[in-house]
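In order, the protein sequences belong to chains A and B.
Under the working numbering, the first sequence has 669 at position 1, and the numbering climbs by one with no breaks.
Under the working numbering, the second sequence has 692 at position 559, and the numbering climbs by one with no breaks.
For glycine and all other residues, C-beta sits at the position ideal for the given N, C-alpha and C.
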Amino acid sequence: MERRTFIQALAASTYGVKAYADAPVADNVKAKNIIYINLDGGMSHIDTFDPKDDKEVMGDTEKIITRGDFQIGHRLPKLAEVMNKAVVIRSTTSKTGAHQQAQYLSRTSYKQLGTITHPSLGSWISHISNRDKAIPDFVLVNGISTHPGSGFLPKRQSPLPIVDPKDGLKNSKVDDKLQQRMALLKVINSKINAPIADTYNEFYDDTVRFLKSKDLELFDISKEPSAKKRAIWYFKTRSRIITSEETC
Amino acid sequence: MFIQGISINICMVKLVTLFAILTVNLFAQDVNYSNKIDEIISSDLKYKKLSMPKKSSDDVFVRRAFLDIVGRIPTYEESIEFKKYNDREDLVDYLINSQGYNESMFNFFADNLRLKKRLNGNVSGETYITWVREQIKQNIPYNKLVKDILTAQGTIYTNPAVGYFLRDEGMLLDNVSNTFQAFAGMDVSCAQCHDHPFDDWSQMEYYEMSAFFTTVNTRSDKGQRKEYQRLRKEAEATDKANETKGALNEIGQFWQQGGYRNSVDSDLKKVLALPHDYKYRDGDPGEVIKASTPIGDRVKETRKRNKLQPSFAQWMISEDHPTFTANIVNRLWNKAFGFALLDNLNNIAEYDELRDSRNDKLLSYLIYVMKEVKYDLKKFNSILYNTKFYGCETDPKDNFQGPIMRRMTAAQLWDSLITLYTGDIDKWQPENRIEKFRYMFPDLATLNSTQALKIYKDFKKVERDYYKGAPKAGKVFAIRSSHIFDGRARNFMLEFGGSDRELIENGNQEANIMQILTLMNSGMTNELMSVKSRLGKKLLDLKRDEAVDYVFRSYIGRSPTKEEQQAFKGVGFSDIVWVLINSHEFKLII
Chain A
669 MERRTFIQAL
679 AASTYGVKAY
689 ADAPVADNVK
699 AKNIIYINLD
709 GGMSHIDTFD
719 PKDDKEVMGD
729 TEKIITRGDF
739 QIGHRLPKLA
749 EVMNKAVVIR
759 STTSKTGAHQ
769 QAQYLSRTSY
779 KQLGTITHPS
789 LGSWISHISN
799 RDKAIPDFVL
809 VNGISTHPGS
819 GFLPKRQSPL
829 PIVDPKDGLK
839 NSKVDDKLQQ
849 RMALLKVINS
859 KINAPIADTY
869 NEFYDDTVRF
879 LKSKDLELFD
889 ISKEPSAKKR
899 AIWYFKTRSR
909 IITSEETC
Chain B
134 MFIQGISINI
144 CMVKLVTLFA
154 ILTVNLFAQD
164 VNYSNKIDEI
174 ISSDLKYKKL
184 SMPKKSSDDV
194 FVRRAFLDIV
204 GRIPTYEESI
214 EFKKYNDRED
224 LVDYLINSQG
234 YNESMFNFFA
244 DNLRLKKRLN
254 GNVSGETYIT
264 WVREQIKQNI
274 PYNKLVKDIL
284 TAQGTIYTNP
294 AVGYFLRDEG
304 MLLDNVSNTF
314 QAFAGMDVSC
324 AQCHDHPFDD
334 WSQMEYYEMS
344 AFFTTVNTRS
354 DKGQRKEYQR
364 LRKEAEATDK
374 ANETKGALNE
384 IGQFWQQGGY
394 RNSVDSDLKK
404 VLALPHDYKY
414 RDGDPGEVIK
424 ASTPIGDRVK
434 ETRKRNKLQP
444 SFAQWMISED
454 HPTFTANIVN
464 RLWNKAFGFA
474 LLDNLNNIAE
484 YDELRDSRND
494 KLLSYLIYVM
504 KEVKYDLKKF
514 NSILYNTKFY
524 GCETDPKDNF
534 QGPIMRRMTA
544 AQLWDSLITL
554 YTGDIDKWQP
564 ENRIEKFRYM
574 FPDLATLNST
584 QALKIYKDFK
594 KVERDYYKGA
604 PKAGKVFAIR
614 SSHIFDGRAR
624 NFMLEFGGSD
634 RELIENGNQE
644 ANIMQILTLM
654 NSGMTNELMS
664 VKSRLGKKLL
674 DLKRDEAVDY
684 VFRSYIGRSP
694 TKEEQQAFKG
704 VGFSDIVWVL
714 INSHEFKLII
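Right, dumping it as structure tokens:
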């Protein structure tokens with residue numbers, strides 16, 4: 669499967685559930701937004717989306733038919749009813765059986781090396797689209813600290829991390845003194861010449877543009893209907909539980 | 134000798150006199166170690182046709198030494214104090230013997246041992262955390278510390294060191310992987326499921342290593358479980374009589390948190406068998422594996438199965454172990470200089486040989502020094518921080534020309550902000566309650582459910598008091614990062630790339646917009662900007678110029694330049710603080 673098809677399919681299967689409800693995933697579907705949910709560990713694939721014919725492998729999990737053209741494990745009867753709206757990819761594999769390396773591969777498409785770090789999917793999109801942006805291209809909600817960032821791409825292509833989605837985007841009010849303070853900051857910062865200082869200069873410029881942008885409202889979850897808020901909260905708490913049990 | 138004298142003094146301002154060269158031999162042995170390190174580095178640079186870095190200014194040195202050794206920036210007063218005495222060796226000595234050093238080293242070990250407030254099996258990790266803190270405070274030699282961890286037995290209350298096994302309770306094989314990564318810098322986790330794809334580790338070897346820990350038993354025995362069932366029945370009856378559910382739930386908590394369900398002892402009958410899908414020719418699925426070490430000194434299982442754990446520990450800390458010493462040396466070097474000699478701290482070896490390092494001669498010398506000082510980490514650190522190389526200007530480009538210019542770690546940043554807020558970050562210390570907890574949970578057979586519930590209630594009360602007397606800044610505790618394991622302050626640290634302690638030392642120092650928003654607008658920034666803050670109040674008695682100097686030195690460890698004085702004319706206290714918190718010189722270690 670081509671990467672493009674993969675991304676489109678992923679978008680359709682997660683974010684676009686409603687938008688593409690009855691439409692088949694066509695080649696010309698372009699994703700506007702992508703929600704990528706990464707469960708760091710969790711249920712076994714053979715018990716869920718990738719059941720096998722071999723009884724011995726399957727244990728007591730049975731295959732059931734779905735509305736899609738594939739089968740899933742019998743413990744997910746409700747999901748089976750909406751599987752015509754999902755795409756399941758079963759062909760990804762890794763030659764390394766070690767979790768950490770395989771996770772790295774799945775998150776970056778590269779083998780893990782000691783000397784270089786690779787970008788995450790969002791950073792690539794951000795880099796390729798090269799949008800003149802006021803708000804960051806993507807957010808990382810409740811990510812673990814090993815989740816890839818911008819890797820070898822410029823640091824400004826890193827995700828905007830939201831540690832606790834309940835809080836939304838914290839600390840984003842604008843002070844009318846911002847401009848004056850930024851001018852003074854430039855005076856004091858001009859003394860340090862180093863690549864790391866350049867990175868921070870760019871981040872500060874981006875942040876100031878971001879703070880002045882109208883799109884900032886997007887992050888205010890208090891304006892969301894309460895059902896959605898609950899969903900976000902649920903995701904947060906559940907995903908915590910999953911991470912903490914990952915290696916059991 | 135003369136050539137050596139010149140090369141080691143290049144980054145010193147002082148002239149090398151014959152007298153100075155002669156007195157080198159009269160210094161303590163530790164100074165010789167530091168000098169030798171400088172010599173190795175300078176000859177390596179010469180060979181690469183690179184120049185030795187310049188000596189950093191005193192202001193820069195003081196700030197960096199505080200950050201690296203005690204994990205925070207100096208206060209105005211501390212910064213001035215050094216200016217008066219101006220003796221770098223004295224400063225390093227003072228810092229290494231202060232409480233701040235213990236706290237900074239605690240964070241180092243907390244990331245290495247993945248310390249959490251709650252261990253697997255819902256046991257409180259407090260006594261284990263306190264125990265680690267005590268080992269650092271008493272400067273227990275590193276090899277002894279590792280041995281104590283790997284041979285610990287008891288409950289979390291009778292022997293808190295068992296926390297290391299309980300952290301991975303129920304996951305023996307993962308615990309073995311972690312042991313190799315934390316103490317030997319070896320990533321053997323691949324071999325847990327199959328032969329290692331790149332390295333020489335075979336799955337058989339992995340099982341042979343794990344077999345050393347098969348007798349480690351973390352589950353309670355039948356007798357204990359029977360007593361627990363009895364208490365449950367009693368509690369159930371109580372609940373039934375009162376139409377409640379609380380007693381039964383609390384008995385469950387009592388069982389878990391009292392250390393009854395999970396503790397560490399030996400079950401000499403337990404064996405380790407190959408997994409049912411074992412697919413290599415050297416063994417059959419289900420075959421019982423005998424313990425054996427694949428690298429270094431060969432240690433094998435004998436008839437005395439109670440010797441399994443101690444013999445493994447002895448093998449791990451043996452001076453002949455191919456990576457044990459290199460691992461700790463590499464991690465401490467990385468902490469001090471911001472870059473590792475062997476890249477990827479958690480994977481420094483290829484099977485039984487160290488990978489190529491950035492300076493092999495230096496690495497083997499440091500390994501030698503670590504053995505010479507008998508794994509005394511205080512001594513070893515003091516040798517590193519007393520090198521001229523440490524006192525040089527930072528290298529912005531990672532050419533081995535000085536320590537790396539880097540952003541503060543999340544912990545350094547938090548502790549610096551709290552220092553600005555409270556003035557003395559180490560004044561508040563949590564109480565050592567190991568003794569208080571030790572005899573809290575008696576033999577289950579001697580208790581009825583009412584007594585058990587009473588004990589649990591008392592325990593919860595004591596447990597809650599951990600933060601008693603700790604100062605606050607708004608809604609967060611204004612205390613060291615080393616005391617913080619959850620809550621908002623912990624979120625702050627995760628935002629700045631602090632290790633989540635799920636994996637060994639997996640923190641990062643990457644930048645992102647959230648961090649900048651936090652520095653610009655967070656509650657902590659606002660507290661510090663207030664004229665009612667500690668610093669704000671201090672300035673009331675000072676003249677304008679003195680006040681600006683006070684704030685500059687408090688935040689970035691130096692006085693303002695003429696140009697800055699001009700630019701900041703008429704600017705209010707809050708704005709100056711905002712600019713300083715957001716400046717490169719604040720968040721970077723330059």
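- prompt: For residue 305/B, does the three-state DSSP call read helix, strand or coil?
  reply: Mapped onto the second sequence, residue 305/B falls at position 172. Residue 305/B falls in the helix class under three-state DSSP.
field: Beta bridge counterpart(s) of residue 386/B as assigned by DSSP
entry: Mapped onto the second sequence, residue 386/B falls at position 253. Beta-bridge pairing links residue 386/B to no other residue.
field: Buried versus exposed, by CB contacts within 10 Å (16 or more), residue 780/A
entry: On the first sequence, position 112 is the one that residue 780/A refers to. Per the 10 Å Cβ criterion, buried.
message: Cβ closer than 9 angstroms: which chain A residues qualify as neighbours of residue 540/B?
response: For the purposes of this step, residue 540/B is identified with residue 407 of the second sequence, where counting begins at 1. Result: 864 and 868.
- prompt: Closer than 7 angstroms, CB to CB, is residue 819/A near chain B or not?
  reply: Counted from its first residue, the first sequence places residue 819/A at position 151. False, the Cβ-Cβ gap to chain B never drops below 7 angstroms.
task: Look up residue 424/B in the DSSP assignment and say whether it is helix, strand or coil.
output: As a position in the second sequence, residue 424/B is number 291, starting the count at 1. Residue state, collapsed to three classes: coil.
task: Could you tell me whether the region 864–883 of chain A touches the region 639–648 of chain B, where touching means 3 or more Cβ pairs closer than 8 angstroms?
output: yes
message: Can you tell me where the alpha helix (DSSP H) holding residue 829/A begins and where it ends?
response: Here the question's residue 829/A lines up with position 161 in the first sequence. Unbroken run through residue 829/A is the beta strand (DSSP E), 828–830; no alpha helix (DSSP H).
Contacting positions in the region 625–647 of chain B - beta carbon closer than 8 angstroms to chain A: 627, 628, 630, 631, 632, 633, 635, 636, 639, 640, 641, 643, 644, 645, 646 and 647
message: How far does the alpha helix (DSSP H) with residue 876/A in it extend, from its first residue to its last?
response: Here residue 876/A refers to the residue found at position 208 of the first sequence. Unbroken alpha helix (DSSP H) run through residue 876/A: 863–880.
- prompt: Is the Cβ-Cβ distance between residue 544/B and residue 240/B less than 7 angstroms?
  reply: For the purposes of this step, residue 544/B is identified with residue 411 of the second sequence, where counting begins at 1. For the purposes of this step, residue 240/B is identified with residue 107 of the second sequence, where counting begins at 1. It is a contact, given that the beta carbons lie within the stated cut-off.
Closer than 7 angstroms to chain B by CB, residue 860/A: Translated into the one-based positions of the first sequence, residue 860/A becomes position 192. Yes - at least one Cβ of chain B is within 7 angstroms of the one on residue 860/A.
message: What does DSSP give as the partner residue(s) for residue 739/A in the beta ladder?
response: On the first sequence, position 71 is the one that residue 739/A refers to. Looking at the DSSP assignment, residue 739/A forms a beta bridge with 733/A.
message: By the three-class DSSP mapping on this structure, what secondary structure does residue 758/A have?
response: Here residue 758/A corresponds to residue number 90 of the first sequence, with the count starting at 1. The three-state secondary structure of residue 758/A, taken from DSSP, is coil.
In DSSP terms, what residue 287/B is bridged to: Your numbering for residue 287/B matches position 154 in the second sequence. Per DSSP, 397/B.
field: Environment of residue 424/B [buried if 16+ CB atoms lie within 10 Å]
entry: Start at 1 with the first residue of the second sequence, and residue 424/B comes out as number 291. Burial check for residue 424/B: the Cβ neighbour count within 10 Å reaches 16 or more, so the residue is buried.
- prompt: With distances taken between CB atoms, is the gap from residue 853/A to residue 710/B smaller than 7 angstroms?
  reply: As a position in the first sequence, residue 853/A is number 185, starting the count at 1. As a position in the second sequence, residue 710/B is number 577, starting the count at 1. It is not a contact, given that the beta carbons lie outside the stated cut-off.
query: By DSSP, does residue 665/B sit in helix, in strand, or in coil?
result: Within the second sequence, the letter at position 532 stands for residue 665/B. Residue 665/B: coil per DSSP, three-state reduction.
field: Burial state of residue 721/A, where buried means 16 or more other Cβ atoms lie within 10 Å
entry: As a working mapping, residue 721/A is identified with position 53 in the first sequence. Exposed, by the Cβ-count rule.
message: Spatial neighbours of residue 703/B within its chain, please: C-beta separation below 7 angstroms, excluding the five flanking residues on both sides.
response: Counted from its first residue, the second sequence places residue 703/B at position 570. Hits under 7 angstroms: none found.
- prompt: In the structure shown, what three-state DSSP assignment does residue 706/A receive?
  reply: Residue mapping note: residue 706/A aligns to position 38 of the first sequence, counting from 1. Coil, per DSSP.
- prompt: Between residue 403/B and the rest of its own chain, which residues show a CB-CB distance below 6 angstroms, the 5 nearest in sequence each way excluded?
  reply: As a working mapping, residue 403/B is identified with position 270 in the second sequence. Hits under 6 angstroms: 347 and 348.
- prompt: Exposed or buried, residue 620/B, counting other C-beta atoms within 10 Å across all chains shown (16 or more means buried)?
  reply: As a working mapping, residue 620/B is identified with position 487 in the second sequence. Exposed: under 16 other Cβ atoms inside 10 Å.
query: Is residue 723/A close to chain B, meaning its C-beta is less than 7 angstroms from at least one C-beta of that chain?
result: Looking up residue 723/A in the first sequence gives position 55. Chain B contact via Cβ: absent.
- prompt: Between which two residues does the alpha helix (DSSP H) harbouring residue 352/B extend?
  reply: To locate residue 352/B, count along the second sequence from 1; it is residue 219. Note, residue 352/B: premise wrong, no alpha helix (DSSP H); beta strand (DSSP E) at 349–352.
- prompt: How would you call residue 703/A, buried or exposed, if buried means at least 16 neighbouring beta carbons within 10 angstroms?
  reply: Stepping through the first sequence from its first residue, residue 703/A is reached at position 35. Exposed, because fewer than 16 other Cβ atoms sit within 10 Å of the Cβ of residue 703/A.
message: With the cut-off set at 7 angstroms, would you say residue 613/B and residue 558/B are in Cβ contact?
response: Counting from one through the second sequence, the residue named residue 613/B turns up at place 480. Counting from one through the second sequence, the residue named residue 558/B turns up at place 425. At the C-beta level, residue 613/B and residue 558/B come within 7 angstroms of one another.
field: Same chain, Cβ closer than 6 angstroms to residue 462/B, neighbours up to 5 away in sequence not counted
entry: On the second sequence, position 329 is the one that residue 462/B refers to. Spatial neighbours of residue 462/B in its own chain (CB-CB distance under 6 angstroms, excluding positions within 5 residues in sequence) are listed in chain order as 499, 500 and 503.
field: Coil, strand or helix - residue 516/B by DSSP
entry: For this step, residue 516/B is matched to residue 383 along the second sequence. In this structure, residue 516/B counts as helix in the three-state DSSP scheme.
- request: For residue 809/A, return the contacting residues in chain B, with the cut-off set at a CB-CB distance below 8 angstroms.
  value: Translated into positions along the first sequence, residue 809/A becomes position 141. By Cβ distance, chain B contributes nothing, its closest Cβ being about 12 angstroms from residue 809/A, past 8 angstroms.
task: Look at residue 393/B and residue 357/B and say whether their C-beta atoms are less than 7 angstroms apart.
output: Walking along the second sequence from the start, residue 393/B turns up at place 260. Walking along the second sequence from the start, residue 357/B turns up at place 224. Closer than 7 angstroms, so yes.
- prompt: Whose C-alpha, out of 214/B, 572/B, 182/B and 666/B, is nearest the C-alpha of residue 556/B?
  reply: Here residue 556/B corresponds to residue number 423 of the second sequence, with the count starting at 1. The residue with the shortest Cα to Cα distance from residue 556/B is 666/B.
query: Between 579/B, 472/B and 582/B, which lies nearest to residue 538/B when the distance is taken from Cα to Cα?
result: One-based indexing of the second sequence puts residue 538/B at position 405. Considering only alpha carbons, the answer is 472/B.
- request: State the start and end residues of the unbroken alpha helix (DSSP H) segment that holds residue 553/B.
  value: Here residue 553/B is taken as the residue at index 420 of the second sequence, counted from 1. Residue 553/B -> alpha helix (DSSP H) spans 543–555.
message: Our contact map puts residue 383/B next to residue 589/B with C-beta atoms below 8 angstroms; I'd like the distance itself, whole angstroms only.
response: On the second sequence, position 250 is the one that residue 383/B refers to. On the second sequence, position 456 is the one that residue 589/B refers to. About 6 angstroms separates the two Cβ atoms, so the contact holds.
- prompt: Would you say residue 758/A reaches chain B, if we count a Cβ-Cβ gap shorter than 7 angstroms as a contact?
  reply: For this step, residue 758/A is matched to residue 90 along the first sequence. Residue 758/A does not count as touching chain B.
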